[in-house]
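*Asks:* For this note's numbering, count along the sequence shown from 1 and bump the result up by 543.
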Amino acid sequence: MAYLILAHENAAQLDALLSVLVPPASPDVAIVHADKRSALWQALRRRPADPSGRVRVIADPVAVRWGHMSQVEAIARLVRDAAGTGCDYAHLISGADWPAVTRADLAAQLASSGGLCHVEAIPGHHEERMETFRFDTPWLRLDPRRDARAYAVTWELRRLARWLDAARAAIGARRSLPYGRWHYGSQWWSLPADALALLARELPRLLASTRLWGTVCSDEHVVPTIIAQAFPARLAGHRRFIRFPPGQSSPRLLDAGDRHAIAESEAWFIRKVATAHDPFFLTMPAAITLPEPISVRDESIFRV
């Protein structure tokens with residue numbers, strides 16, 4: 544298996560996650576994409592290469608912005624590297640995720656699944672994100688209190704985008720549908736080798752086409768759409784335990800009070816968790832014991 548990890552902070556927790564996913568002598572590989580603008584990337588790039596090859600860090604990361612197509616660019620680089628590993632399954636997770644089952648249980652369930660594509664894919668939901676053309680996508684999460692002037696400019700850009708979209712609609716013009724109707728889903732997935740190979744071919748092509756320019760949260764549409772179009776009979780749930788507060792676009796941090804719900808969910812991974820919030824997850828799954836101590840100075844991550 545290949546674990547594809549999107550990360551941007553907390554080196555100590557990332558080290559702990561890697562020690563669980565790919566312990567010594569593991570047959571698996573973990574590939575980390577660290578946001579190019581982050582302190583985490585600056586730390587990881589200075590670490591020596593892992594001679595075992597169990598942990599790899601993307602050497603050409605992108606600067607990731609929330610809701611921007613840079614999210615898809617980061618995923619494409621993880622997929623590119625994972626496709627060359629010869630893995631049977633690949634799991635896209637974040638550095639704030641944690642496994643909810645043992646590796647043996649996960650492998651057994653995948654082996655008996657018949658090559659299912661574990662990805663959420665809801666046809667038509669939020670497809671307006673992919674149909675409109677926004678000029679403010681690099682600045683979707685500006686803080687109006689700290690960036691008042693820039694925030695005001697983004698609203699003018701949105702107004703211009705709405706006017707142009709209305710004009711385009713009036714003449715019957717529509718943005719292309721390279722894979723048919725857009726599907727929506729959580730960006731986190733577990734996919735077999737043939738689906739991973741398809742993404743390795745299609746994601747660079749789609750990014751080069753400029754079709755994703757001006758879209759919002761395309762990371763929640765691109766992979767679900769490509770996989771749903773290619774493997775409609777093999778779609779299955781993504782097996783992630785995630786909880787969104789009402790009206791919020793980011794999941795809440797999980798705590799020990801979620802243990803029962805996690806066990807009942809049959810999820811493979813949980814998100815999101817943080818040691819500073821509640822370190823309950825460090826004992827999950829129960830069959831795995833972590834090396835002590837977990838330190839930010841741990842050199843168990845290496846760069847290729």
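For each residue, glycine too, the CB sits at the ideal point set by N, CA and C.
Every value quoted in this text rests on a predicted model; they were computed, and no experiment measured them.
#1: Who are the near neighbours of Asp821 in its chain, counting only those whose CB is closer than 8 Å to its CB and skipping five residues on each side?
#2: For the ligand FAD, is there any heavy atom lying closer than 7 Å to the beta carbon of Arg717?
#3: Answer yes or no: do Thr697 and His726 have a C-beta to C-beta separation smaller than 8 Å?
#4: According to DSSP, what are the bridge partners of Phe784?
#5: Is Asp624 helix, strand or coil when you go by DSSP?
#6: Out of curiosity, what's the CA-to-CA distance linking Arg840 and Ala555?
#7: What is the DSSP secondary structure of His576, counted as helix, strand or coil?
#8: For Ala806, tell me which candidate among Thr818, Phe824 and Ser792 has the shortest Cα-Cα distance.
#9: Considering just the uninterrupted stretch of the beta strand (DSSP E) at Leu547, what are its terminal residues?
#10: What is the DSSP secondary structure of Leu775, counted as helix, strand or coil?
#11: If you measure between the beta carbons of Trp584 and Ala577, is that distance less than 8 Å?
#12: Counting C-beta neighbours from all protein chains within 10 Å, is the total for Phe784 16 or more, i.e. buried, or is it exposed?
#13: Please go through the same chain and pick out, in chain order, the residues whose beta-carbon is closer than 7 Å to the beta-carbon of Pro747, but skip the five residues on each side of it.
#14: Decide if Glu809 is buried, meaning its Cβ has at least 16 other Cβ atoms within 10 Å, or exposed.
#15: Between the Cα of Lys579 and those of Ser569, Val600, Ala568 and Arg724, spot the shortest distance and give me the residue it belongs to.
#16: For the beta strand (DSSP E) that Val598 lies in, which residues bound it at each end?
#17: Indicate the three-state DSSP secondary structure (helix, strand or coil) for Ser637 in the structure shown.
#18: Which term fits Phe774, buried or exposed, when burial requires 16 or more other beta carbons within 10 angstroms of its beta carbon?
#19: Excluding the 5 residues flanking Ala817 on each side, which residues of the same chain have their C-beta closer than 6 Å to its C-beta?
*Replies:* Inspection of the coordinates gives the following:
#1: Position 278 of the sequence shown, counted from the start, is the residue given in the question as residue 821. In the same chain as Asp821, and ignoring 5 residues on each side of it, the C-beta atoms closer than 8 Å to its own belong to Leu796, Leu797, Asp798 and Ala799, in chain order.
#2: Ligands displayed in this structure: none; no statement on the ligand FAD is therefore possible.
#3: As a working mapping, residue 697 is identified with position 154 in the sequence shown. As a working mapping, residue 726 is identified with position 183 in the sequence shown. Taking 8 Å as the cut-off, the Cβ atoms of Thr697 and His726 do not count as close.
#4: Looking up residue 784 in the sequence shown gives position 241. Beta bridge pairing from DSSP links Phe784 with Ile813.
#5: One-based indexing of the sequence shown puts residue 624 at position 81. Residue state, collapsed to three classes: helix.
#6: For the purposes of this step, residue 840 is identified with residue 297 of the sequence shown, where counting begins at 1. For the purposes of this step, residue 555 is identified with residue 12 of the sequence shown, where counting begins at 1. Residue placement at Arg840 is flagged as unreliable, the pLDDT there being 34, under the threshold of 50; the coordinate-derived value follows with that caveat. The alpha-carbon atoms of Arg840 and Ala555 are separated by roughly 8 Å.
#7: Against the sequence shown, residue 576 aligns to sequence position 33. Correct three-state label for His576: strand.
#8: For the purposes of this step, residue 806 is taken as residue 263 along the sequence shown, with counting starting at 1. Put simply, of Thr818, Phe824 and Ser792 the residue whose alpha carbon is nearest the alpha carbon of Ala806 is Phe824.
#9: Stepping through the sequence shown from its first residue, residue 547 is reached at position 4. Ala545 to Ala550 is the extent of the beta strand (DSSP E) around Leu547.
#10: Residue numbering aside, residue 775 sits at position 232 when the sequence shown is read from its first letter. The sequence given here places Pro at residue 775; Leu does not occur at that position. Helix, per DSSP.
#11: Position 41 of the sequence shown holds residue 584. Position 34 of the sequence shown holds residue 577. With contacts defined by Cβ atoms closer than 8 Å, Trp584 and Ala577 form a contacting pair.
#12: For the purposes of this step, residue 784 is identified with residue 241 of the sequence shown, where counting begins at 1. Buried, because 16 or more other Cβ atoms sit within 10 Å of the Cβ of Phe784.
#13: Walking along the sequence shown from the start, residue 747 turns up at place 204. Result list for Pro747: Ala619, in chain order.
#14: Against the sequence shown, residue 809 aligns to sequence position 266. Exposed is the call here.
#15: Within the sequence shown, numbered from 1, the residue matching residue 579 stands at position 36. Measuring from the Cα of Lys579, the nearest candidate turns out to be Val600.
#16: In the sequence shown, residue 598 corresponds to position 55, counting from 1. Run containing Val598: Val598 to Val600, per the beta strand (DSSP E) assignment.
#17: For the purposes of this step, residue 637 is identified with residue 94 of the sequence shown, where counting begins at 1. DSSP, reduced to helix, strand and coil, places Ser637 within a strand of the structure shown.
#18: Numbered from its first residue, the sequence shown carries residue 774 at position 231. When all chains shown are included, Phe774 counts as buried.
#19: By 1-based counting over the sequence shown, the position of residue 817 is 274. Contacts found: Leu796.
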